[in-house]
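For the sequence shown, position 60 matches number 60 in the numbering used here, and the numbering has no gaps at all.
Each residue gets a CB set at the ideal place from its N, CA and C atoms; glycine is no exception.
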Amino acid sequence: MKQRQFQVDRRHICALGACVFSSEQRGRPGADGQQRRTVCRTHRLRGITLVLLLAVFGLTTQASIADIPEQLRLREEHLHKAWDSVSPAIVGVSNGFGVGSGVVVSKDGLVLTASHVVETRSRRRTNAPAQVSVMFADGTSLPAEVLGKNRDADAAMLRISRRLPNDVPFPFVELGKSAEVKPGDWCFAAGHPGGFQQNRGAPLRLGRILSTGHRTLVSDCPIVLGDSGGPLFDMDGRLIGIHSMITNLIIENRHAAIDCWHRDWERFLRSDQWGRLRAFDNELIGTDFFGVSVRWKDFIPEVKTVLPDSPADRAGLRPGDRLVSIGGERFADRLDLGTVLALLNEEQSIQVELIRNQNPVAVSLITGTRDQDDDDPPRHTDDTDRQEEFTEGLGFDRRIGPFEERAPEQLALFSEVVAEAHDSIVTISDGGLVLTFGTIVSSDGDILTKASMMEGAIAPEVLLSSGRRFRPKEMAVDYVNDVMLLHISAEDLKPVPWETEEAAEVGDLAIIQDSRGNPRIPTVVSVAARKLDGADQAFLGITMNEQDGRILITGTVAWGSAARNGLREGDLIEAVDGVVVRTPEQLKHQITSHKPGETVTIRYLPKGKTEVISLELRLTQFFRNQDALLDMYTNPENRESYANNHAGGYPLAIQIDADIFPKECGGPLLNLNGKAIGMNIARADRVVAYALPSSHVLKVYANLQAEAAEKKTQQSP
């Protein structure tokens, strides 16, 4: 299988609409006669473009409790305790047009969310009242009234209009103070990505604070469309932010700071509404209003050049100065800086705090004049620094910032955790290109890997962490779970130790290894093991048209049931299980009435001669995550670059929040005891990766062993 180069159009990123629209509402004409879309508008930006977010067989010794660093144990304990406390108060929010998230903050039903969750462009034109409802984890839906909105901060407050059944008090969370939050602090996020799903619950995501501002916090807790309005907590379960926006970069997750509500609590209660939501960098920093060009690194702007005779020039700013605050307000990122500047007046005297030669400096500056409205798209369309940042930030070996969850000192904490399984992971390549990872499951050569990533491999090679290389033999494949059993001629392998006593729980910390067995990606169990949508959908694997009352096969899908059983392009299908099929719809109905693994009979005409075959139906390996909602994870041009093709429909899977690359699947997912709680099986989208739970993997392995033994018996003379 040939690996593609990572390719993403970085000329622009879309400013996506404020809601995740329901299937009934997608494509519905709006008030202006145009189709309502998730993508509202696109700008090629010099500064920044943001996305609104409404939208594994060996049983060996484990690491002892003493071997687990105290920091990791305490982190997991705090997370479990906090999650149990706050999760009942996390709600879905629907505005009648789309869905987002929110969190209850008082016993009388006050809810905090993002302003764009309860506002649509058409409603703003017509001043129609918002029809808002909130959904609790048990599916209870209650109406809510929209109170105040601070659009500058993307902040809103609601009040639930009806009590819970039996007058049960509303669950609510404690408010924290964002002014006390520092870069590097641990935090966790929740919400309803892709919209409220009662069978899934609100996925938990763990990360760290990367930057703080007057109105905004930035974290590496991955969020996506549908999370908007959801809560960001500190590790004690105090609310410190509300999800607002993202970019394509996994570390750029913006949250409205909780102090925005503290400062204007009474205004929110009075239903005041003010400000304007900005979804792009207005570039005022580089105009005559201020007068510098900046280069961003770790969310801090450094002056590159100073415009002659500009306010910055007259104030004495120099190249190399690192800006800290303007007008008494700190800023968390580009957009936050733009908002700070947009709310200043022309010719206003302000203080600018900066770092010069590692020393704090304060200068006085008088703002200039504005040549364009601060809400117009920026005039410039090229920012080489930003393009390079996206190119580097989306790559496999991207630079890791000092406060990220994956910072070197944090990975070092997992060194003892991975020690027992250090040599239990393998790399599988073909022609020098990495295809995927694998998990050693027996000392005598059995390896499990992700089957769909082996498609088209010509001469695959298994590389052990020790550097030894072997040619593997394919023994058996489970297409439903996308697992392949390989065997190599080795007798001294180190099988992964499996967790067989306790199922993984939400909030359990975990670690993903690199190709050499070292810690690479810390993660957390976001959703406990569950059956995914599509797990019961059988797949024949053809494209088709109707021809003379029969079904003409116009193409077959590699690894589909049809292709692997001899059906070819040009064959005519007449019947399935004795039922005549005359239209594609009839054929689809007959196939989808079965489950993957079941057998059907097909009567067909290859080259005009009637034949009947029996074949086993499979789950489509092209099952994409339906909640991805971002083009880079769904675009066929990015096949296996950012998300796996077979990324859903698993009979049982744990959801984790790891930004694992597709080719890193197939290895073990380890808990703090160094045992495998699962096998990494798919990257689905920005916030979702899946692992098959250990108990399920062991069953799959046993079935594959039996299948391989049966094949061997059948091949014996």
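| Check | Outcome |
| --- | --- |
| Going by DSSP, what residues sit across from Pro460 in a beta bridge? | Asp430 |
| Three-state secondary structure (DSSP) at Asp313? | helix |
| By DSSP, does Val117 sit in helix, in strand, or in coil? | helix |
| What would DSSP say about Gln410, mapped onto helix, strand or coil? | helix |
| Which residues bound the beta strand (DSSP E) around Tyr701? | Looking at the DSSP string, Tyr701 is not in any beta strand (DSSP E); the run it does join, the alpha helix (DSSP H), is 694–715. |
| I believe Tyr604 touches Asp577 by the beta-carbon criterion, under 8 Å. Please report the beta-carbon distance rounded to the nearest angstrom. | At roughly 13 Å, the Cβ-Cβ gap does not stay under 8 Å, so Tyr604 and Asp577 are not in contact. |
| Decide yes or no for the touch test of the region 525–533 against the region 546–555: beta carbon pairs closer than 8 Å, at least 3 of them. | no |
| Rounded to whole angstroms, what's the CA-CA distance from Phe233 to Ile160? Just pull it up for me. | 22 Å |
| For Gln71, which residues of its own chain have a beta-carbon under 7 Å away from its beta-carbon, when the five flanking residues on both sides are left out? | Leu413 |
| To the nearest angstrom, how far is it from the Cα of Asp385 to the Cα of Pro693? | 42 Å |
| Which partner residues does His192 have in the DSSP bridge list? | Per DSSP, none; premise fails for His192. |
| Take every Cβ of the region 253–267, pair it with every Cβ of the region 151–170, and state whether three or more of those distances are shorter than 8 Å. | yes |
| Below 8 Å between beta carbons: does that hold for Ile425 and Gln513? | yes |
| Can you pull the DSSP bridge partners for Phe233? | Phe188, Leu239 |
| So which of Ser695, Glu664, Asp281 has the shortest CA-CA distance to Lys675? | Ser695 |
| Can you tell me which of the three DSSP states Ser465 falls into? | coil |
| Let me know if Val580 comes out buried or exposed under the rule of 16 or more other beta-carbons within 10 Å of its beta-carbon. | exposed |
| Based on DSSP bridge pairs, tell me the residues matched to Asn673. | Paired residues: none, contrary to the question. |
| Can you name, in chain order, every residue of its own chain whose Cβ lies under 6 Å from the Cβ of Leu540, other than the five neighbours on each side? | Ser561, Ala562, Ile591 |
| Could you check how far apart the C-beta atoms of Gly213 and Thr113 are, in whole angstroms? I think they sit under 8 Å. | Actually they do not touch by this definition, with Cβ atoms about 20 Å apart. |
| Is the number of C-beta pairs between the region 104–112 and the region 72–84 that are closer than 8 Å three or more? | no |
| Report the start-end ranges of each alpha helix (DSSP H) in the region 274–313 that is 4 residues or longer and not cut off at the edges. | none |
| If you drop the 5 nearest sequence neighbours on each side, which residues of the same chain put their C-beta closer than 7 Å to that of Asp482? | Lys450, Ala451, Ser452, Gln621, His646, Ile681 |
| So Cys221 and Asn253 are in contact, right, with Cβ under 8 Å, and what is the actual spacing, rounded? | 6 Å |
| Specify the secondary structure class of Asn253 as computed by DSSP and reduced to three states. | strand |
| Mind checking Thr287: buried by the 16 CB within 10 Å criterion, or exposed? | buried |
| Glu409 to Pro169, Cα distance in whole Å? | 43 Å |
| Taking only the alpha-carbon atoms, compute the straight-line gap between Ser716 and Met475 and give it to the nearest angstrom. | 15 Å |
| Does Ala658 come out as helix, strand or coil in the three-state DSSP assignment? | coil |
| Measuring straight from C-alpha to C-alpha, what distance separates Gly456 and Ala684? | 22 Å |
| Determine the direct distance from the alpha carbon of Asp397 to that of Ile350, and round the result to whole angstroms. | 41 Å |
| Which residues does DSSP list as the beta-bridge partners of Glu455? | DSSP, once it has assigned bridges, lists no residue as partnering Glu455. |
| Could you check which residue in Asp321, Arg314, Arg238, Gly338 has the C-alpha nearest to that of Glu283? | Gly338 |
| Which residues mark the beginning and the end of the beta strand (DSSP E) in which Arg163 is found? | Careful: Arg163 lies outside any beta strand (DSSP E) and carries neither H nor E. |
| Can you have a look at Gly666 and say buried or exposed, based on whether 16 or more other CB atoms are within 10 angstroms of its CB? | buried |
| Hey, out of Gly316, Val99, Val105, Gly275, whose CA is closest to Gly226's CA? | Val99 |
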